[in-house]
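Right, one structure below, let's go through it.
In our numbering, the protein residues as written are 1003 to 1476.
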């Protein structure tokens, strides 16, 4: 069938690139605003969030004149895929710990993540279960399941919040009509919470004299752009960055094949296949990394093809795009019936996360508790990027083992968070299922918390001595 490049074929030829151009343009505008307005810069508000919010506002104004600037469905699709692409790129990195760490602290960091997720899950779900039973908005009933989106929005960002908002919307038993906007709204507020609470924390504890910014030593400045001798040179016939994109694409292609096969097995496996695209992409990336490592060991592959610095750039680009698209995809008409639940969940989620993470990091990571708090709180309300930005405000040279622990704790954290992900579909099947899931989340939170505070509960002495290892030299 013949076609041309005119506006008659806008949807098939121009639409994607125009929408992508809008995202990148408003991302740049957001960055300009952040750089030129001191208040925004001091609050560490992500440029992507500013750009997405501005695009949402411009689109809302345009709709008043019957002009649709943003394609919400396409924005949701971009958000969905960027989550998996970012996770795949992160998982392909071959980083190793650069600090002395203990196995106990690796598992404790995993338990902090698992405990925070379970706390957000049972509190969020408990709130909307109660609201479902006692509150009505005209003809609308608050969905009992909507509170379960809190840990996904705060803990995993717009991509997963959107995915499960859509899944719950498509589950008749859930009686939910978020259409993606509920989860995206919660995730957007999470970024603001991470920035505001994080900056408040830094300023308060600086005034108390408990936070001292760790200086950067000359030997700690590393040029990440420099290539190792074993890496492929930049002047190869195929650009090095192209190969990095190829590895990420391969990981996502493998994950798609796995999701397709999983979806063909049964209705249950189909229900969990597509909602965890980021998880399957991560696992596929880990498999590729193991294969590449084996090939290098057997000397079947002479060069080091995966470049950590460029993988960081791919994941950073994917997450920035995800945030802008996620915020821009919010549909005001879909969210207006859920304003009260969004406000309550955001406020309660911010406070309980703050209290729990503060107590847990103070108990388990003595000597660098403030760095760990900022990393954890920024991550559990925004994304890992938010956590890293906040942590670097007081530890710009990464002199504490915080970033190393984050890398090493990925697998324990994944195991501890797995029950939440596995129970999402189960909880949406009926009110009774949601109540049972809420009870399970509470029990798991209690188990993780007992592990974290085991020394205090059972009166055991603190086994690790991180202060002696990581304290700043006078």
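Where is the CB? At the ideal position from N, CA and C, for every residue including glycine.
Own chain partners of residue i with C-beta closer than 7 angstroms, once the 5 adjacent residues on each side are dropped
i            : result
residue 1440 : 1124, 1127, 1128 and 1131
residue 1035 : 1042 and 1052
residue 1109 : 1414
residue 1360 : 1375
residue 1433 : 1146
residue 1062 : 1334
residue 1419 : 1115, 1116 and 1119
residue 1151 : 1163, 1166, 1167, 1184, 1185 and 1188
residue 1029 : 1049, 1050, 1053, 1322 and 1326
residue 1083 : none
residue 1417 : none
residue 1347 : 1126, 1129, 1149, 1152 and 1188
Residue i burial status per 10 Å Cβ neighbour count (16 or more: buried)
i            : result
residue 1157 : buried
residue 1112 : buried
residue 1012 : exposed
residue 1020 : exposed
residue 1300 : exposed
residue 1066 : exposed
residue 1005 : exposed
residue 1326 : buried
residue 1343 : buried
residue 1038 : exposed
residue 1080 : buried
residue 1007 : exposed
residue 1078 : buried
residue 1075 : exposed
residue 1411 : buried
Bounding residues of the alpha helix (DSSP H) (the contiguous stretch that carries residue i)
i            : result
residue 1292 : 1279-1299
residue 1048 : Where residue 1048 is concerned, there is no enclosing alpha helix (DSSP H), given that its DSSP letter is neither H nor E.
residue 1005 : Element bounds for residue 1005: n/a, residue is neither H nor E.
residue 1210 : Counting along the chain, residue 1210 falls outside any alpha helix (DSSP H), and DSSP gives it neither H nor E.
residue 1033 : 1017-1038
residue 1242 : 1242-1267
residue 1456 : 1456-1459
Whole-angstrom distance between residue j and residue i, CA atom to CA atom
i            : j            : result
residue 1260 : residue 1282 : 8 angstroms
residue 1377 : residue 1339 : 34 angstroms
residue 1223 : residue 1393 : Reliability of the predicted coordinates at residue 1223 is poor, the pLDDT of 47 falling under 50, and the value obtained from them is presented with this limitation in mind. About 17 angstroms.
residue 1257 : residue 1212 : 46 angstroms
residue 1133 : residue 1248 : 47 angstroms
residue 1119 : residue 1204 : 23 angstroms
residue 1446 : residue 1367 : 22 angstroms
residue 1272 : residue 1264 : 6 angstroms
residue 1314 : residue 1058 : 27 angstroms
residue 1214 : residue 1202 : 15 angstroms
residue 1018 : residue 1192 : 28 angstroms
residue 1296 : residue 1302 : 9 angstroms
residue 1091 : residue 1386 : 14 angstroms
residue 1044 : residue 1160 : 24 angstroms
residue 1421 : residue 1443 : 8 angstroms
residue 1107 : residue 1407 : 7 angstroms
residue 1046 : residue 1194 : 9 angstroms
residue 1182 : residue 1461 : 47 angstroms
residue 1455 : residue 1423 : 25 angstroms
residue 1208 : residue 1395 : 11 angstroms
residue 1332 : residue 1305 : 45 angstroms
residue 1391 : residue 1040 : 17 angstroms
residue 1274 : residue 1266 : 12 angstroms
residue 1369 : residue 1353 : 24 angstroms
residue 1068 : residue 1345 : 29 angstroms
Close Cβ partners of residue i (< 6 angstroms) along its chain, the five nearest in sequence each way excluded
i            : result
residue 1196 : 1380, 1383, 1384 and 1388
residue 1105 : none
residue 1032 : 1049, 1052 and 1053
residue 1279 : 1086
residue 1162 : 1154
residue 1095 : 1310 and 1313
residue 1170 : 1147, 1176, 1178 and 1430
residue 1287 : 1090, 1093, 1094 and 1253
Min CB distance residue i to chain D below 8 angstroms
i            : result
residue 1027 : Checking the listed chains, one finds no chain D in this structure; it contains a single protein chain.
Own chain partners of residue i with C-beta closer than 8 angstroms, once the 5 adjacent residues on each side are dropped
i            : result
residue 1056 : 1028, 1031, 1032 and 1035
residue 1064 : 1070 and 1071
Residue i beta carbon near the ligand GTP (any heavy atom closer than 7 angstroms)
i            : result
residue 1135 : The ligand GTP is absent from the structure shown, which contains no ligands of any kind.
Runs of alpha helix (DSSP H) wholly within the stretch 1056-1124 (minimum 4 residues, chain order): 1074-1094
Runs of beta strand (DSSP E) wholly within the stretch 1330-1413 (minimum 3 residues, chain order): none
Length-filtered (4 minimum) alpha helix (DSSP H) runs lying within the stretch 1148-1172: 1152-1158 and 1160-1171
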